[in-house]
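Engineer: So for the sequence shown, the working numbering puts the first residue at 406; every next one is plus one.
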Amino acid sequence: MAELEIGAPAPAFELEGPAGPIRLADFAAQTLVLYFYPKDDTSGCTKEAIDFSEQIDAFAAAGAVVLGVSKDSVASHGKFAAKHDLKVQLGSDPSGAVVEAFGVWVEKSMYGRKYMGIDRSTFLVDGEGKIAGVWRKVKVPGHAAAVLKAAQALKS
Numbered sequence: 406m407a408e409l410e411i412g413a414p415a416p417a418f419e420l421e422g423p424a425g426p427i428r429l430a431d432f433a434a435q436t437l438v439l440y441f442y443p444k445d446d447t448s449g450c451t452k453e454a455i456d457f458s459e460q461i462d463a464f465a466a467a468g469a470v471v472l473g474v475s476k477d478s479v480a481s482h483g484k485f486a487a488k489h490d491l492k493v494q495l496g497s498d499p500s501g502a503v504v505e506a507f508g509v510w511v512e513k514s515m516y517g518r519k520y521m522g523i524d525r526s527t528f529l530v531d532g533e534g535k536i537a538g539v540w541r542k543v544k545v546p547g548h549a550a551a552v553l554k555a556a557q558a559l560k561s
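1) List the whole-angstrom C-beta distance separating G538 from I411, where the pair is believed to meet the contact cut-off of C-beta under 8 Å.
2) Tell me, please, whether the region 510-529 touches the region 459-467 by the rule of three or more beta-carbon pairs shorter than 8 Å.
3) Threshold first: 4 residues or longer. Then list the alpha helix (DSSP H) segments lying entirely within the region 467-546, N to C.
4) Identify which residue in P426, L491, E512 has its Cα closest to the Cα of I455.
5) Using the beta-carbon count (16 or more within 10 Å), is V355 buried or exposed?
6) Tell me which same chain residues have a C-beta within less than 6 Å of the C-beta of A434, skipping the five on either side of it?
7) Which whole-angstrom value is the C-beta distance of V509 and V470, which I expect to be below 8 Å?
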């Protein structure tokens with residue numbers, strides 16, 4: 406899997422959503438903030454989703470839609486969103502095809518044990534479907550604000 410770089414076309418994708426499939430084509434002519442996170446309702450993932458949700462109006466003003474993606478089920482996403490009053494859309498990738506396409510399915514290590522998991526990453530996709538920003542190995546504090554700033558710069 407080649408590293409996705411700025412200016413490259415975003416991989417076409419199809420995720421499961423509460424109202425049916427969510428596809429890259431659904432966001433044509435819009436800026437898309439596509440953020441990948443490891444697991445619903447874990448501390449870092451919850452904080453990240455809340456941070457993006459708190460700024461959802463500013464993202465909308467910048468012409469951007471925020472979409473969080475993990476391998477959790479649509480049902481799990483629904484409970485997660487309801488519990489924390491999330492304003493971001495959540496897409497489910499149970500097969501892992503989308504996390505693979507974006508190169509965020511990586512070997513991780515915890516307490517000396519190696520396992521495969523989602524690398525917390527965010528991609529900013531412009532209205533032409535090209536990658537306009539990439540953040541990998543994201544640290545949650547301040548991340549949503551940095552992505553918002555990049556989305557606003559695209560609009561201006």
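Don't be surprised by glycine CBs; every beta carbon is placed ideally from N, CA and C.
Structural biologist: The structure says:
1) 7 Å
2) no
3) 479-489, 502-506
4) L491
5) The structure shown does not extend to residue 355, since the chain spans only 406 to 561, so no value can be given for it.
6) G532
7) Not quite, the Cβ-Cβ distance comes to about 19 Å (not below 8 Å), so this is no contact.
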